[in-house]
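In this note's numbering, the protein residues as written are 178 to 402. So the structure is just underneath, and the comments pick up after that.
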């Protein structure tokens, strides 16, 4: 037990040293290769830490090797072409207020993922956003719509996402699916063509159809008492 205790302390010190040299970024700010290296390093440290049959030098050398790989990749990343291969490129997912469905698909994202990223950036409606860029570290950078600053007071509730009813939001917010279907019929819209339909407490509607500009308008949708 004492040997394992000492090995754990040594490997922890080496691991802390290597991570400190790699920088102070938080997990959510890491590039893909940095996250992979961090996960690999943690695994490499655990194996010799608990298994006395493995020389501790093996773990130290492996950790330092990962650090060297990290530094090499950083040097290679100075080339724009290699940086695009290693880290990928920022992708514009909201263009002039419109959701770019093809861009989302290229990132293996759904509209709901975009809405979550917007909320994390403290934007709650697409009406507040002019452009949105998904960075290589997974964070959303937003160019806001200056005309809408401080005007959005209520949270739009997505009731249709990518051609499917969001039953949880419909039932949880007092909507009636029949009334929503009447809204679609009134506008001559097919469910499968709806990328996003969201309605806030003031009946302000956000509507994005496939291959159509996004629409914002006031509407009347009766809710359950």
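Just so it is clear, CB atoms sit at the ideal spot from N, CA and C, and this is done for glycine as well. Remember, predicted model here, so these are calculated numbers, not experimental data.
Determine the direct distance from the alpha carbon of residue j to that of residue i, and round the result to whole angstroms.
i	j	result
residue 193	residue 286	34 Å
residue 264	residue 359	46 Å
residue 225	residue 195	17 Å
residue 217	residue 180	24 Å
residue 388	residue 239	51 Å
residue 364	residue 349	25 Å
residue 386	residue 241	52 Å
residue 278	residue 190	46 Å
residue 309	residue 251	27 Å
residue 282	residue 266	15 Å
residue 212	residue 244	12 Å
residue 345	residue 353	12 Å
residue 393	residue 323	16 Å
residue 255	residue 384	42 Å
Residues in the same chain with beta-carbon distance under 8 Å from residue i, minus the five sequence neighbours each way, listed in chain order, please.
i	result
residue 369	340
residue 321	300, 305, 306 and 307
residue 380	395, 396, 397 and 398
residue 257	none
Between which two residues does the beta strand (DSSP E) carrying residue i extend?
i	result
residue 375	371-376
residue 394	392-395
residue 338	334-338
residue 408	The question about residue 408 has no answer, for the chain in this structure spans 178 to 402.
residue 167	The shown model of the chain, from 178 to 402, leaves out residue 167, and the question about it has no answer.
Spatial neighbours of residue i within its chain, please: CB distance less than 6 Å, with the 5 preceding and 5 following residues excluded, ordered by chain position.
i	result
residue 378	331
residue 188	222, 226 and 236
residue 210	250 and 263
residue 366	none
In the DSSP assignment, find the unbroken alpha helix (DSSP H) run with residue i in it and report its ends.
i	result
residue 358	354-363
residue 302	Taken as a continuous stretch (DSSP letters only), residue 302 belongs to no alpha helix (DSSP H), as it is neither H nor E.
residue 293	288-297
residue 226	209-227
For residue i, which residues of its own chain have a beta-carbon under 7 Å away from its beta-carbon, when the five flanking residues on both sides are left out?
i	result
residue 280	268, 269 and 270
residue 208	264, 313 and 314
residue 284	268 and 311
residue 325	304 and 305
residue 259	253
residue 390	275
residue 293	none
residue 356	398 and 399
residue 361	368
Sort the options by Cα distance to residue i and report the nearest one.
i	options	result
residue 297	284, 282 and 318	318
residue 351	400, 316, 278 and 241	400
residue 343	262, 294, 288 and 309	288
Using 7 Å as the limit for Cβ to Cβ distance, is residue i near chain D?
i	result
residue 237	Given the protein chain composition of this structure (a single chain), no chain D is represented.
Say whether the stretch 330-347 touches the stretch 373-383, bearing in mind that this needs 3 or more beta-carbon pairs closer than 8 Å, one atom from each stretch. yes
Okay, do the stretch 269-287 and the stretch 223-240 touch, 3+ Cβ pairs below 8 Å being the bar? no
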